[in-house]
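**Student:** Following this note's numbering, the numbering of the sequence shown begins with 783 at its first residue and continues without gaps. Beta carbons are placed, not taken as given, at the ideal position from N, Cα and C, and that holds for glycine. A quick note: this is a predicted structure, and the numbers were derived from the prediction, not measured. The structure that follows is given in the form of structure tokens.
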Amino acid sequence: MKPLDKNKTIQLRIFYKITPLQTLLHKKENPANDIKKACRLVYQFNCPEEGCNASYIGYTSCSLQNRVKSHSYNGAIKMHFEDEHLISGKKIKCDYFKIIFKSNDVYTLQVAEALLIKKLNPDLNRRQEGLTRKLYIF
783 MKPLDKNKTI
793 QLRIFYKITP
803 LQTLLHKKEN
813 PANDIKKACR
823 LVYQFNCPEE
833 GCNASYIGYT
843 SCSLQNRVKS
853 HSYNGAIKMH
863 FEDEHLISGK
873 KIKCDYFKII
883 FKSNDVYTLQ
893 VAEALLIKKL
903 NPDLNRRQEG
913 LTRKLYIF
């Protein structure tokens, strides 16, 4: 930097804060937020009510948090709370879910969901819509 007037000088004082290198390299993440933001996955819901072993398996290509919200409005999980536990308007939390498979390919997610439902036989997966899908093996 040069002053406009050649007879004057500029004095600069530079202040800086020392930041440890590890804080620049490692972003602090909240593990609870990781599962909420995760997308393109197959998930398992386990009922949190004491003595209940009901479960549900599904897949989503959007974030798990958004899928959990939609389960709060309708579907097998909402109906389970209302019918089995007589709880209406239960806030369904991400804590009740776990990720059991991830893939970027929607077809792979659908196949994984179907195979996991067949293997684990969750109580709340009693829809008939999946029975019409065909599994092509190459």
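(1) Determine the contact status of N835 and Y878, defining contact as a CB-CB distance below 8 Å.
(2) Under the rule that 16 or more other beta-carbon atoms within 10 Å means buried, what is V888, buried or exposed?
(3) Quick one: which unbroken beta strand (DSSP E) runs of 3-plus residues sit fully inside the segment 871-897? Chain order, please.
(4) Alpha helix (DSSP H) containing R849: first to last residue?
**Tutor:** Looking at the coordinates:
(1) Against the sequence shown, residue 835 aligns to sequence position 53. Against the sequence shown, residue 878 aligns to sequence position 96. Annotated as distal: N835 and Y878, with beta-carbon spacing of 8 Å or more.
(2) The count along the sequence shown starts at 1 and reaches residue 888 at position 106. By the Cβ-count criterion, V888 is exposed, with fewer than 16 other Cβ atoms from all chains shown falling within 10 Å of its own Cβ.
(3) Within the segment 871-897, the complete beta strand (DSSP E) runs of at least 3 residues are 879-884.
(4) The residue labelled residue 849 in the question sits at position 67 within the sequence shown. For R849, the enclosing alpha helix (DSSP H) has its first and last residue at 846-855.
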